[in-house]
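In what follows, a structure is listed as structure tokens, so that the remarks can point back to it.
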Amino acid sequence: MSTTTPPSPSESSLATSIYDYPVKGLTVEEQRQARAANWRFSTLCAAVDTKDQYGASSTPIYQTATFKGVDGAYDYTRSGNPTRGGLESHLARLYGATQAFALSTGMTCLDTILRLVKPGETILAGDDIYGGTNRLLTYLATHGGVDVRHVDTTQVEAMRPHLGEGNKVKMVLLESPTNPLLKIADIKEICSAVKAHAPNALVVVDNTMMSPYLQRPLELGADIVYDSATKYLSGHHDLMAGIIAVSNPEIGKSIAFLINSIGSGLAPFDSFLLLRGIKTMSIRMDRMQLTAQLVATYLNELEFLVHYPGLKHHAKRDVHWKQATGAGAVLSFVTGDKALSERIVGGTRLWGISVSFGAVNSLISMPCLMSHASISAAVRAERGLPENLIRLCVGIEDPRDLIDDLEHSLVASGAIVPDHSATVLSNVASEELYATDRNAWILARARAFQRPKGSGLERLVNGFKNSLGLDASPKQLQKEIVVSAPGKVILFGEHAVVHGVTAIATSVDLRCYAVLSPRSDNKIALEAPELEGLEVEWDIPELPWNLLPLHTDGSRRSADKELDPPLLQAIEAHTRGAEGDPRGRGAQVAFLYLYMVIAGSQRNAFAGTFTASSNLPIGAGLGSSAAYSTAVASAILLAHEHFAVPNGGIHSRDTDLVDGWAFLAEKVLHGNPSGIDNAVSVRGGAVAFARSIGGKAGGLEPLNGFSSIRLLLTNTLVPRDTKSLVAGVSAKRLAEPQVVDPILDAIQAISDEARGLLSGAVPVERNYLIKRLEELITANHAHLVTLGVSHPSLEMIVAATSQAPYNLATKLTGAGGGGCAVTLIPDGFSDESLDALIADLRNHGFEPHLTTLGGPGLGVLAPSSSGSSVQDFVATSDGDEKEGMTVPKRAALRDAAPAGGHAKWAYSLGQWVF
42 MSTTTPPSPS ESSLATSIYD YPVKGLTVEE QRQARAANWR FSTLCAAVDT KDQYGASSTP
102 IYQTATFKGV DGAYDYTRSG NPTRGGLESH LARLYGATQA FALSTGMTCL DTILRLVKPG
162 ETILAGDDIY GGTNRLLTYL ATHGGVDVRH VDTTQVEAMR PHLGEGNKVK MVLLESPTNP
222 LLKIADIKEI CSAVKAHAPN ALVVVDNTMM SPYLQRPLEL GADIVYDSAT KYLSGHHDLM
282 AGIIAVSNPE IGKSIAFLIN SIGSGLAPFD SFLLLRGIKT MSIRMDRMQL TAQLVATYLN
342 ELEFLVHYPG LKHHAKRDVH WKQATGAGAV LSFVTGDKAL SERIVGGTRL WGISVSFGAV
402 NSLISMPCLM SHASISAAVR AERGLPENLI RLCVGIEDPR DLIDDLEHSL VASGAIVPDH
462 SATVLSNVAS EELYATDRNA WILARARAFQ RPKGSGLERL VNGFKNSLGL DASPKQLQKE
522 IVVSAPGKVI LFGEHAVVHG VTAIATSVDL RCYAVLSPRS DNKIALEAPE LEGLEVEWDI
582 PELPWNLLPL HTDGSRRSAD KELDPPLLQA IEAHTRGAEG DPRGRGAQVA FLYLYMVIAG
642 SQRNAFAGTF TASSNLPIGA GLGSSAAYST AVASAILLAH EHFAVPNGGI HSRDTDLVDG
702 WAFLAEKVLH GNPSGIDNAV SVRGGAVAFA RSIGGKAGGL EPLNGFSSIR LLLTNTLVPR
762 DTKSLVAGVS AKRLAEPQVV DPILDAIQAI SDEARGLLSG AVPVERNYLI KRLEELITAN
822 HAHLVTLGVS HPSLEMIVAA TSQAPYNLAT KLTGAGGGGC AVTLIPDGFS DESLDALIAD
882 LRNHGFEPHL TTLGGPGLGV LAPSSSGSSV QDFVATSDGD EKEGMTVPKR AALRDAAPAG
942 GHAKWAYSLG QWVF
């Protein structure tokens with residue numbers, strides 16, 4: 042067993058900075074080690090330090106059971122072997138561990154780890170785990186006197202009751218992503234909670250789905266990590282092995298003792314094969330992930346329920362990308378019909394029907410019949426594991442062949458049928474599109490097919506409608522609809538976008554949450570706690586229905602491009618309780634306008650209360666009004682059955698529908714919006730946006746290639762007039778084109794470079810990405826100052842953040858016309874410094890918000906996988922009796938708003954679809 046010094050964050054094998062030149066006075070070996078400490082992960086995989094006495098470039102196989110001599114480093118291969126020792130030393134570097142151990146299988150690793158638990162102690166394990174893990178835990182509970190409890194490890198709150206005073210928790214066993222539902226556990230948050238309430242407990246992470254290439258739990262606070270090295274580490278399914286990595290040498294001593302006592306160490310020849318496989322792990326996984334993303338997108342476009350953290354609608358996508366650097370190469374999807382799933386699996390040829398994953402060849406399986414068959418059907422049902430679930434494990438084959446094979450099986454099984462109204466690409470056109478834009482290619486492939494009527498999807502949709510009461514007649518909305526949408530920040534291009542410059546915008550995890558609650562008194566109401574406690578209601582018959590634009594009653598789906606002035610003016614006359622508060626007035630008008638126009642007539646209108654609350658007040662900038670507009674549009678459209686959301690996620694055609702109506706609401710609030718805010722709020726992620734000016738083509742371009750980046754968004758609380766600022770730039774350009782035009786060209790160059798960095802079109806190391814974004818932010822702000830759109834309060838924030846001791850990059854953003862500043866927080870910026878900076882900004886009278894960019898867009902609270910209605914997720918509440926009915930979710934949202942506990946409230950309700 043090998044020991045190595047754990048790397049510091051700057052020395053991590055995932056570090057991306059260029060190493061410094063060797064310091065004078067160091068020995069040659071010390072200089073070499075200093076350089077090696079900064080190698081990237083791919084380099085570390087291949088750069089095995091053999092230390093062979095003959096200088097062999099590949100670690101030799103010491104195929105011997107015994108060693109001669111008394112005082113030598115090795116005596117018996119069960120206790121230690123040079124080949125295994127070289128492997129373990131190499132693995133310790135990859136895992137960032139003090140020690141790593143190579144064992145015969147992954148399950149041997151778990152068995153060894155579980156021997157650290159004594160009878161009477163408690164193990165907390167996930168409720169979606171590998172079948173073999175469940176089998177061993179069940180044996181331990183029934184034969185070993187250990188209290189094994191299965192909990193939802195994706196919700197830290199579900200674990201807290203087991204960590205109360207006097208708990209006997211000795212071990213917390215996690216998978217993230219889980220197998221096979223790809224659920225995500227917040228490893229860092231769980232580690233903090235466990236250590237706070239059970240300081241002697243060990244947090245153990247099965248990291249097989251990610252490998253150390255994509256996720257390193259020891260750096261997130263875990264005590265022990267284990268992998269089935271049969272999977273990604275080996276990569277060829279030609280050996281069985283398991284790896285244990287630890288951060289604490291004392292734990293390592295206990296593990297080493299058990300391995301030596303049991304004799305479970307990996308054999309020399311298998312150690313040699315595993316060491317060889319590790320050298321190509323990074324390039325294998327890069328190829329696998331790219332293909333897995335295409336397959337997941339393809340199935341998602343076909344409206345299957347797809348589990349994959351690379352998709353925007355994944356419920357814990359933000360959490361995953363906070364702790365991992367890739368989505369992995371395993372995904373699963375639901376068909377709604379077990380027999381159909383069996384036909385799909387049996388109809389593939391290139392996808393091998395087999396358990397396991399992580400090898401160069403792609404595999405397909407039905408977990409409930411194969412890898413998880415040891416879990417009883419009753420327990421599977423209790424844990425929400427669908428019998429019709431199909432798991433796909435993507436290899437390195439050509440994506441076109443894998444899609445062809447899967448598509449053939451889907452068609453042959455009856456899961457999809459050709460869409461004769463769709464345009465089908467010729468073979469030549471398909472190959473050309475594949476060569477230029479693989480994402481567009483996969484979308485074109487999917488759009489050539491559709492799900493047949495009577496499919497599992499249709500049943501999912503109908504179930505969703507029933508659970509929300511969407512099958513009710515008008516005025517009889519039966520249950521509450523719960524939605525959410527993110528704010529946004531313009532990183533680059535604000536105030537220049539109106540002149541044709543490309544703007545880069547991205548969603549942030551400051552969201553607007555809303556509940557549409559039914560009423561029985563023929564009234565429609567709006568509540569917005571952050572807008573001076575706004576609560577207003579209207580009698581539905583008193584609204585100006587006679588001024589609605591003419592259209593077929595009840596058929597209103599797509600939004601108009603322009604507002605109807607007479608109707609808008611009449612609705613403005615109906616606003617109440619917003620004197621002197623343009624934000625509250627605008628929120629009322631936008632809500633009523635969409636409510637009336639989507640309904641199409643008074644007869645088709647429903648009674649209800651729309652309650653909206655957000656991390657940032659509506660109208661405070663940062664896309665808060667767009668988030669509100671998206672929430673309003675989606676809730677009303679759902680109530681009128683203009684779209685419905687199965688558990689599989691929101692279809693692109695429905696996001697376009699919501700986007701159109703959200704843009705119309707934005708026109709109410711802003712007059713002539715750019716369209717960026719609502720586009721990002723509906724779709725999430727990031728976009729590059731350019732307006733069509735002077736024959737120059739514009740449009741939206743999704744940017745999906747970047748991982749989570751932390752930002753500090755600081756509200757100056759100084760209102761800015763966007764229209765005046767934009768007009769000022771235009772006037773300056775007319776007066777001084779020789780000054781303004783070069784600035785616009787420079788901002789365009791900044792946006793172009795940022796688009797390349799954030800889209801992943803040009804792969805760059807993480808540290809370089811952050812450093813270059815900082816430089817672009819600083820340069821962009823300087824140009825905006827020259828354009829005259831900054832403000833003394835913004836400059837105070839820039840000065841406070843950019844100088845010592847913080848030395849951060851800050852610029853104004855387009856929020857509220859420049860009333861907010863955005864500061865990039867590098868990965869290595871300490872929590873202590875961040876807390877101090879936030880305190881400083883608050884002391885100056887500003888309102889800072891720590892957030893991350895690139896999260897999911899529109900979200901809808903969906904039914905549970907067990908078929909319970911949305912209402913079943915809600916805790917008992919006293920309700921609101923003034924309307925003669927109980928409205929627990931609405932009341933809970935109002936209660937959560939003052940403390941800013943929106944997200945906690947939202948995820949306590951159940952599963953969200955994004």
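Sequential numbering from 42 applies to the sequence shown in my numbering. No residue lacks a Cβ here, since even glycine has one placed at the ideal position from N, Cα and C.
Counting the other CB atoms within 10 Å of its CB gives Tyr136 a total of 16 or more, which places it among the buried residues. Beta-bridge partners assigned by DSSP to Leu346: Val375.
If you draw a straight line from the Cα of Thr153 to the Cα of Leu340, it comes to about 39 Å. The C-beta of Ser675 has 16 or more other C-beta atoms within 10 Å across all chains shown, which makes the residue buried. As computed with DSSP, Thr864 is found in a beta bridge with Leu753, Thr851. Assigned with DSSP and collapsed to three states, Phe651 falls in strand. Relative to the Cα of Val538, the nearest Cα in the group Ala731, Leu280, Leu882 belongs to Ala731. The beta carbon of Gln491 is closer than 6 Å to those of Asp460 in its chain, skipping five residues each way along the sequence.
In the three-state reduction of the DSSP assignment, Gly399 falls in the coil class. Looking from the CA of Ala487, the closest CA among Val210, Arg190, His692, Leu178 belongs to His692. If you draw a straight line from the Cα of Ser949 to the Cα of Ser467, it comes to about 48 Å.
A residue is called buried once 16 or more other Cβ atoms fall within 10 Å of its Cβ, and Tyr349 is buried on that count. The beta carbons of Ile292 and Asp268 sit no closer together than 7 Å.
Counted as a single uninterrupted DSSP element, the alpha helix (DSSP H) harbouring Asp695 occupies residues 693-711. DSSP places Ala133 within a helical segment (H, G or I) once states are collapsed to three. Of Pro258, Leu589, Leu572, Val465, the smallest CA-CA separation from Gly627 is found for Leu572. Counting along the chain, no alpha helix (DSSP H) covers Ala370, and no H or E run does either. For Lys229, the enclosing alpha helix (DSSP H) begins and ends at 228-238. Its Cα nearest to that of Arg421, the residue Asp169 stands out among Asp169, His131, Ala297, Asn719. Runs of the alpha helix (DSSP H) lying entirely within the segment 273-333 and spanning at least 4 residues, in chain order: 290-303, 309-319. Contiguous beta strand (DSSP E) elements confined to the segment 171-251 occur at 188-192, 210-216, 243-247, taking only those with 3 or more residues. Scanning its chain for C-beta atoms nearer than 8 Å, with the 5 sequence neighbours on each side dropped, one finds around Gly455 the residues Leu381, Arg384, Pro493, in chain order. The segment 542-629 contains, as complete alpha helix (DSSP H) runs of 4+ residues, the segments 606-613 (chain order). Separation of Ala453 and Gly387 (C-alpha to C-alpha, rounded to the nearest whole angstrom) is 10 Å. For Leu484, no beta strand (DSSP E) encloses it; the enclosing alpha helix (DSSP H) starts and ends at 479-488. Burial check for Tyr95: the Cβ neighbour count within 10 Å stays below 16, so the residue is exposed.
The beta carbon of Leu752 sits closer than 8 Å to those of Val530, Val549, Val863, Thr864, Leu865, Ile866, Leu891, Thr892, Thr893, Leu894, all from its chain and outside the five residues before and after it, given in chain order.
Bounds of the beta strand (DSSP E) holding Lys529 are 522-533. Excluding five sequence positions before and after Ala138, the CB atoms of its chain that fall closer than 7 Å to its own CB belong to Pro47, Leu259, Ala286, Val287, Ser288, given in chain order. Counting of Cβ neighbours within 10 angstroms places Gln140 among the buried residues, the total reaching 16 or more. Around the Cβ of Asp718, a 10 Å sphere holds 16 or more other Cβ atoms; the residue is buried. Contact check for Phe108 and Glu129: beta-carbon distance about 17 Å, past the 8 Å limit, so the pair fails to qualify.
At least 7 Å separates the beta-carbon of Ser275 from that of Leu215. Taking 8 Å as the upper bound for CB-CB distance, Arg125 and Pro309 are in contact here, some 6 Å apart.
From the listed residues Asn848, Ala470, Leu899, Ala841, the smallest Cα separation to Ala880 is found for Ala841. In summary, Phe374 is buried, with 16 or more beta-carbon neighbours lying within 10 Å of its beta-carbon over all protein chains present.
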